[in-house]
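Sequential numbering from 15 applies to the sequence shown in the numbering used here. In what follows, a single structure is set out as C-alpha cells and then discussed.
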Amino acid sequence: MDIAHEKRHNTRTPCNEEISFTMPVDNGKTAVGQARIMDISATGMGIVCDLPLNKDQTIYFTPNQPGWELPPKGIVIWSYKEAKGCRAGLEFILREDK
C-alpha cells in the first residue's frame, strides 16, 4: 500500500469523467488542460491529465457536463510524469483562506 493512500482520510470512489481546468503559468498567462478523473472523494481526486503539474500548484476546475459540481479549485499534492501527460493527486480547496 502506498504512503499517499495510508494518509488518506476519505475513501476514493473510482470514476471515469472528463474535466477541463485552467492554471496560471509563467508571465501571468493561463494554460487550459484536460483531465480524466480516475478516483474521487469528498476531499480530493486522482487525475490523469495532458499538462505537467507540480506539487503545491493550484488549478481551477471547469465542469464539462450538466449537473457536475466540483469545488472551484484544488492543489496538487503529488504528481508524476506518464507517457502522455501526468498523473496527479489533488486536494480540493474548500475555503478561500487556502
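Glycine included, every Cβ here is placed at the ideal spot set by N, Cα and C. Model, not experiment: these values are computed from the prediction.
Inter-residue spacing [alpha-carbon to alpha-carbon] between residue i and residue j
i	j	result
Ala-18	Leu-65	Unreliable positioning characterises Ala-18 in this predicted model, as indicated by a pLDDT of 49, which lies under 50. A coordinate reading is not provided.
Met-59	Thr-27	9 Å
Thr-76	Pro-86	8 Å
Glu-83	Asn-41	30 Å
Thr-72	Gly-103	12 Å
Ser-55	Asn-30	13 Å
Gly-99	Gly-47	10 Å
Asp-93	Asn-68	Residue 93 is actually Ser in this sequence, not Asp. Each residue's Cα considered, the two are about 6 Å apart.
Asp-70	Met-52	20 Å
Val-25	Lys-43	Looking at the sequence provided, one finds Thr at residue 25 rather than Val. Roughly 35 Å between the two C-alpha positions.
Thr-6	Arg-101	Lying outside 15 to 112, the shown extent of the chain, residue 6 is not represented and no answer is given.
Glu-96	Tyr-74	22 Å
Residue i, buried or exposed, once every other Cβ within 10 Å from all chains shown has been counted against 16
i	result
Glu-20	Low local confidence applies: a pLDDT of 49 at Glu-20 is under 50, so the model's placement there is unreliable, and no value is given.
Leu-108	exposed
Gly-88	buried
Met-15	With a pLDDT of 39 at Met-15, under the threshold of 50, the predicted position of this residue should be treated as unreliable, and no value is reported.
Within 9 Å, strictly: CB atoms of residue i and residue j
i	j	result
Pro-38	Ala-49	no
Ile-61	Ile-91	no
Asp-35	Cys-63	It is Phe, not Asp, that sits at residue 35 in the sequence shown. The answer is yes: Cβ separation under 9 Å.
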